[in-house]
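13 is the number of the first residue of the sequence shown in this note's numbering; add one for each residue after it. We put the CB at the ideal spot given by N, CA and C, even for glycine. Below is one structure; the comments refer to it alone.
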Amino acid sequence: MFLLGLALAPVFGFGFPTIDWICGDDRARRAMCRSVYALLAGVALSLMSFGRQTVVCAHFGAVAYAVMALARRRCGVVVFLGSFAYLIRFHVMADTANTWKAGEVDISGLLMVMTLKVTACAMNYQDGATVAASEMTEHQHRRHLKTLPNVLDYASWLMFPCTLVSGPAVEFRDYSDWLNGRGVWSGEAPSRVAATAKKFFGAATCVALFQVLSVKYTLESVYLAPNWLTDYSFLERVWHMNVMGQTNRFKYYFVWMMADFAATVSGLGFSGYDAKGVARFDTAANIHPLGCERAITLNSFPLSWNVKTGQWLRHYVYDRVTPKGKKPGLLQLLITQIVSGLWHGLYAGYWLFFVSSAFALNAGRLMYRWRSRRVPESLRIFVDVPLWLATQMTINYLVSAFMLVEYKSCMDAWASVHYIAHVGIVVMSVFGVVFAPKSSKPKTA
Numbered sequence: 013m014f015l016l017g018l019a020l021a022p023v024f025g026f027g028f029p030t031i032d033w034i035c036g037d038d039r040a041r042r043a044m045c046r047s048v049y050a051l052l053a054g055v056a057l058s059l060m061s062f063g064r065q066t067v068v069c070a071h072f073g074a075v076a077y078a079v080m081a082l083a084r085r086r087c088g089v090v091v092f093l094g095s096f097a098y099l100i101r102f103h104v105m106a107d108t109a110n111t112w113k114a115g116e117v118d119i120s121g122l123l124m125v126m127t128l129k130v131t132a133c134a135m136n137y138q139d140g141a142t143v144a145a146s147e148m149t150e151h152q153h154r155r156h157l158k159t160l161p162n163v164l165d166y167a168s169w170l171m172f173p174c175t176l177v178s179g180p181a182v183e184f185r186d187y188s189d190w191l192n193g194r195g196v197w198s199g200e201a202p203s204r205v206a207a208t209a210k211k212f213f214g215a216a217t218c219v220a221l222f223q224v225l226s227v228k229y230t231l232e233s234v235y236l237a238p239n240w241l242t243d244y245s246f247l248e249r250v251w252h253m254n255v256m257g258q259t260n261r262f263k264y265y266f267v268w269m270m271a272d273f274a275a276t277v278s279g280l281g282f283s284g285y286d287a288k289g290v291a292r293f294d295t296a297a298n299i300h301p302l303g304c305e306r307a308i309t310l311n312s313f314p315l316s317w318n319v320k321t322g323q324w325l326r327h328y329v330y331d332r333v334t335p336k337g338k339k340p341g342l343l344q345l346l347i348t349q350i351v352s353g354l355w356h357g358l359y360a361g362y363w364l365f366f367v368s369s370a371f372a373l374n375a376g377r378l379m380y381r382w383r384s385r386r387v388p389e390s391l392r393i394f395v396d397v398p399l400w401l402a403t404q405m406t407i408n409y410l411v412s413a414f415m416l417v418e419y420k421s422c423m424d425a426w427a428s429v430h431y432i433a434h435v436g437i438v439v440m441s442v443f444g445v446v447f448a449p450k451s452s453k454p455k456t457a
């Protein structure tokens, strides 16, 4: 049913251009019709995909909205804690990790996206009342809300059908501007034929690759195979580990590119023009496959993977736990990764993945600084190739914990390749500290 919802999202997306054609230049009428249609289409899509579980969407939205209306100056913190508590309880009660591991899908993915939405909206509304304009960051300037969102617009944003079942979480300000024809959506919309075709064929290619590879490379035939240690050499295990991780990535590429395709069809995907005057369609772009595959250092991988969730973690966790006037460090990175782990659920595999990835990202940051400041341009190819290989192997190694979920299975999988990536993370971290580039700041007396 999840695949049905994913396939129907672009179909519902085509309804928005139809509404625009019917309403013509009447912006107020168009905004109202878009909002009503988005809400009804989203509810219908959720009912078709998840049935009676759809009622939890109403719980999320109604409670979060009530908190914003009643306690503006504290609503961000209250909604953040309350929505995460509800989501974690659902993860535990529904045993979502084992559901996903078995290849099944429930409404938990939708709730995860909704958690990002309601917390971001509440924190932006709180910022509008508690943070002076002169003290706002660039992100807060662009996202803060001066007034309580309209009930209909808020509900339709939560249930927006094009990104409902798989995300990403689009910011309320972007959605509201699109509804009402403000900002980049104030003028005539550019043609989106080429962009939608590119996103669709990209998604089709990724799902085709996943279908071909997933027939042979499964958890049961790789990590959980009885002969995994006896019949495969160390190098063969490393090879299978990497192909397994790559295969898993293709699945996510497909899902997120389909959602991006649907949002682009609707018109929301348009995000303005670049410096060369070329139209961009990035509002709902959650994945950049080539960016992931070309990532040279570990800290550059998240810039292309699950982009909108990464932005949420950056702006609503990482930046906010960094003391004012201080630079973020490993502690802020750990806190951010722990929040990401909680968002996914209380399962050993997720914690092993996210805690390990915090150290991996820190190692990547150290290596990036060393490469940028110490290695001449003419010699970087000799550094980039081994760094790229280490990055891809580390990602594929760590993600095995995300797939296996259970503690013993995760540790057995890592032990079968002698914890190769963890050793690499330690080596890169030590190297990055020992050979750290000198500070460019002049010393003061």
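Between residue i and residue j, is the Cβ-Cβ spacing less than 8 Å?
i	j	result
P340	Y330	yes
Y235	A360	no
I437	A372	yes
A271	P180	yes
F365	L310	no
M126	C87	no
M405	N254	yes
N374	L343	no
S178	V267	yes
V84	A21	Looking at the sequence shown, residue 84 is not Val but Arg. Contact: no.
M124	W355	yes
M269	A215	yes
I308	T217	no
I299	S312	no
D118	T131	no
Y137	L122	no
V79	A134	yes
I432	V250	yes
I31	Y49	yes
Y244	H252	yes
R204	F282	yes
Quick one: what's got a C-beta closer than 7 Å to residue i's C-beta in the same chain, skipping five residues either side?
i	result
G284	V196, R292
V446	none
R385	P449
D286	R292
V227	none
K455	The pLDDT assigned to K455 is 43, lower than 50, so where the model puts this residue is not dependable; a value taken from the coordinates is nonetheless given after this. Answer for K455: no residue qualifies.
F26	V277
N110	V417
Assuming the contact rule is C-beta atoms closer than 8 Å, residue i and residue j should be a hit. Round their C-beta distance to whole Å, please.
i	j	result
K263	F222	5 Å
F14	S61	6 Å
G54	L247	About 49 Å separates the two Cβ atoms, so there is no contact after all.
S47	S168	4 Å
A43	L160	A43 to L160, Cβ: 17 Å. No contact.
L325	T348	5 Å
A76	V91	5 Å
H430	S368	Contact doesn't hold; Cβ gap of about 15 Å is too wide.
L128	T321	7 Å
S428	L241	6 Å
L51	L164	7 Å
What does a CB cutoff of less than 6 Å around residue i pick up in its chain, not counting 5 residues either side in sequence?
i	result
V351	V329
C422	G361, L364, A413, L416
P202	A291
A457	Because A457 sits at a pLDDT of 35, beneath the cut-off of 50, its placement in the model cannot be relied upon, and the following sentence gives the value as read from the coordinates. Nothing meets the Cβ criterion.
V319	N298
If I measure Cβ to Cβ from residue i and keep anything under 8 Å in the same chain, skipping five residues before and after, which residues do I get?
i	result
P388	none
V395	R383, V387
L399	I308, T309, M379, R383
L18	V177, S178, V267, M270, A271
V143	Q152, H156
C45	I31, I34, C35
Taking CB distances under 8 Å as the criterion, tell me whether residue i reaches chain D.
i	result
R392	Note that chain D does not occur in the displayed structure, where there is just one protein chain.
Does any heavy atom of the ligand FMN sit closer than 7 Å to the C-beta of residue i?
i	result
V55	Judged by which ligands are present, the structure shown has none, so any question about the ligand FMN falls away.
| message | For the pair the segment 177-192 and the segment 99-112, tell me if three or more CB-CB distances fall below 8 Å. | response | no
| query | What alpha helix (DSSP H) runs, 4 residues minimum, are completely inside the segment 160-201? | reply | 163-170, 184-192
| Okay, do the segment 273-283 and the segment 163-176 touch, 3+ Cβ pairs below 8 Å being the bar? | yes
| task | Report yes or no: do three or more beta-carbon pairs, one from the segment 145-156 and one from the segment 250-260, lie closer than 8 Å? | result | no
| query | Counting Cβ pairs, one atom from each stretch, are 3 or more of them under 8 Å apart for the segment 90-99 and the segment 70-79? | reply | yes
| query | Which ranges would you report for the alpha helix (DSSP H) in the segment 263-307 if only whole runs of at least 4 residues count? | reply | 301-306
| said: Quick check on the DSSP output: what are the complete alpha helix (DSSP H) runs of length 4 or more inside the segment 92-161, in order along the chain? | reply: 108-113, 120-142, 150-155
| task | Could you name each continuous alpha helix (DSSP H) segment of 4 residues or more that falls completely within the segment 321-371, going from the start of the chain to the end? | result | 342-356
| query | What alpha helix (DSSP H) runs, 4 residues minimum, are completely inside the segment 386-447? | reply | 392-416, 419-427, 432-446
| task | With a floor of 4 residues, list each alpha helix (DSSP H) that falls wholly inside the segment 22-74, ordered by position along the chain. | result | 27-35, 39-62
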